[in-house]
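Under the numbering used here, the first residue of the sequence shown carries the number 92, and numbering increases by one thereafter.
We treat Cβ as the ideally placed atom computed from N, Cα and C, and that holds for glycine.
Working notes, beginning with the structure itself.
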Amino acid sequence: MRMVDLIQKKRDGGTLSEEEIKFIVTGYTSGDVTDYQMSAFLMSVYFKDMTDEEITCLTMAMSQSGDVIDLSEINGVKVDKHSTGGVGDTTTIVLAPLVASVGAAVAKMSGRGLGHTGGTIDKLEAIPGFEVEIPNDDFIRLVNESYVAVTGQSGDLAPADKKIYALRDVTATVDSIPLIASSIMSKKIASGADAIVLDVTTGDGAFMKSIEDAERLAHTMVRIGSLANRQTMAIISDMSQPLGNAIGNANEIKEAIDSLNGNGPEDLMEMVYVLGSQMVVLAKKADTLEEARKMLEASIADGRATAKFKEMIRNQGGDDSIVDHPEKLPQAKYVIEVPAKKSGVVSKMVADQIGIAAMLLGAGRRTKEESIDYAVGLYLNKKVGDAVQEGESLVTIYANREEVEDVKKVLYENIEIGKDGVEPTLIHKVIT
Ligand code: URA
Ligand code: CA
């Protein structure tokens, strides 16, 4: 087989066989296929697309390119959750202990963040002592004993995806549905879950700017999941404005604690209940979504959810007293209000730009090497649809520098106040 023939076949709109796709992925991982050939191939996929069978073959080849995690020693159905990316997305930190508190096994492998704020792993590291690098044996033991553990992506998971993603990043081939779907699903499949709940975000803060594209991506991933024998479902959610009120790291931990205590922001809680109910049903702990939701609501109401979060923190070496005393979390030196310049109704809060404002404070990384300041971030006092009076605070800035004019400028440019504003529909669709 020659790579040049396979590039030509895809360029001319042909369909590649499983064997041909394996040849490309293993060849590129080993270095036999060059960067320039792979670039040409990726661009031909960008223009000519792939069939579901091709995407599934690509996904499986990438998932088998490195370590494949075996979670079979964990009892019951292991459910994983993945979001295609959001701003201020605190969902996983609430979901992991909450879903575990009703007896569903959550073996969560999460990433670090690049961009707006940290990823789930970075946010958890804002908790003093919390250890995110846990050996595989301990990870399995913790999930068996406590139903929950969250770890950073360990070992050599889907190295083909890592190498291909880096190339896509510099060849204008990131925003291709077959390539995104296979990239995400290859990592989910390699990390060993039996069932996968996907949150495909859409809007300014997301990869998929339109609902139609998000829907196609979601359908594609759900089909790959079922072809790969993983029960998979997806929701399409709105990420035109940030989720919840807190955007940062320590402040998102605080927001997660409030949520587990029953005082979470409405939009975040809706995401948590919708995704959580699906996870509980997939884990076979409830027969219907309604029953699952009632179980989750009861766990929050009677304190089991919060107790599970404390247990999860203790299990991973963290100081669980932060749950009752969130003031022990890293605190910023300066608290600065951003007052509204006029009265009206908030009509727009551009998610990705507000994420950038948080990053300017140090809440996120611009490059892999940068470190994160856990203490800094934003708190949205108003969201789209809320009425505001001139002079009232739109956003509270938590900073470790006194001068934040650059951050304020980005916020003012990306929060619109008009005559009316409608709260966006949070969940557009559920795809099973
Ligand atoms: N996230 C991934 O892991 N891969 C993509 O291609 C896009 C988003
Ligand atoms: Ca949030």
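query	result
For S484, the residue or residues it bridges with in DSSP	P430
Straight-line Cα distance separating Y119 from T487	48 Å
Beta-carbon spacing of L334, T181 below 8 Å	yes
Ligand 1 heavy atom lying under 7 Å from the CB of Y256	yes
Separation of M129 from D67, as counted between CA atoms	Residue 67 is absent from the structure shown; the chain starts at 92 and stops at 523.
Neighbourhood of I225 by C-beta distance below 6 Å, restricted to the same chain and skipping five residues each side	T242
Any non-hydrogen atom of ligand 1 closer than 7 Å to S274 Cβ	yes
Any chain B beta carbon closer than 8 Å to E216	Given the protein chain composition of this structure (a single chain), no chain B is represented.
Beta carbon of A152 nearer than 8 Å to that of I212	no
Residue closest to T323, alpha-carbon to alpha-carbon, out of V288, P356, A442 and E306	V288
Stretch-stretch touch, CB-based, cutoff 8 Å, three pairs: the segment 257-269 with the segment 339-352	no
Residue of A347, N342, N340 and G296 minimising C-alpha distance to M330	G296
Limits of the unbroken alpha helix (DSSP H) element including D290	Segment A286 to T293 is the beta strand (DSSP E) holding D290; no alpha helix (DSSP H) there.
Environment of A392 [buried if 16+ CB atoms lie within 10 Å]	exposed
Helix, strand or coil at G435 [DSSP, three-state]	strand
Sequence-distant residues of the same chain with beta carbon closer than 8 Å to I165, five excluded per side	A196, A198, I231, V234 and N235
Enclosing beta strand (DSSP E) for T242 [first to last residue]	V239 to G243
Sufficient close CB pairs (3 or more, under 8 Å) joining the segment 184-193 to the segment 242-258	no
Check whether V441 and N505 have beta carbons under 8 Å apart	yes
Contact check, G220 vs D410, beta carbons under 8 Å	yes
Beta-carbon proximity check, E158 vs D285, cutoff 8 Å	In the sequence on display, residue 158 carries Asp and not Glu. No, they are not a contact pair.
Proximity of L149 and V178 at Cβ, strictly below 8 Å	no
Given 8 Å, three or more beta-carbon pairs between the segment 377-387 and the segment 421-434	no
Sub-8 Å separation of V136 and K100 beta-carbons	no
Closer than 7 Å: T181 CB and nearest ligand 2 heavy atom	yes
Buried versus exposed, by CB contacts within 10 Å (16 or more), D497	exposed
Cα-Cα separation between A325 and E493, rounded to whole angstroms	43 Å
Where the beta strand (DSSP E) through A325 begins and ends	Q322 to D329
Where Y127 falls, given that 16 or more other Cβ within 10 Å makes a residue buried	exposed
Chain-order list of residues whose beta-carbon lies under 6 Å from that of G453 (same chain, five-residue window excluded)	D464 and V467
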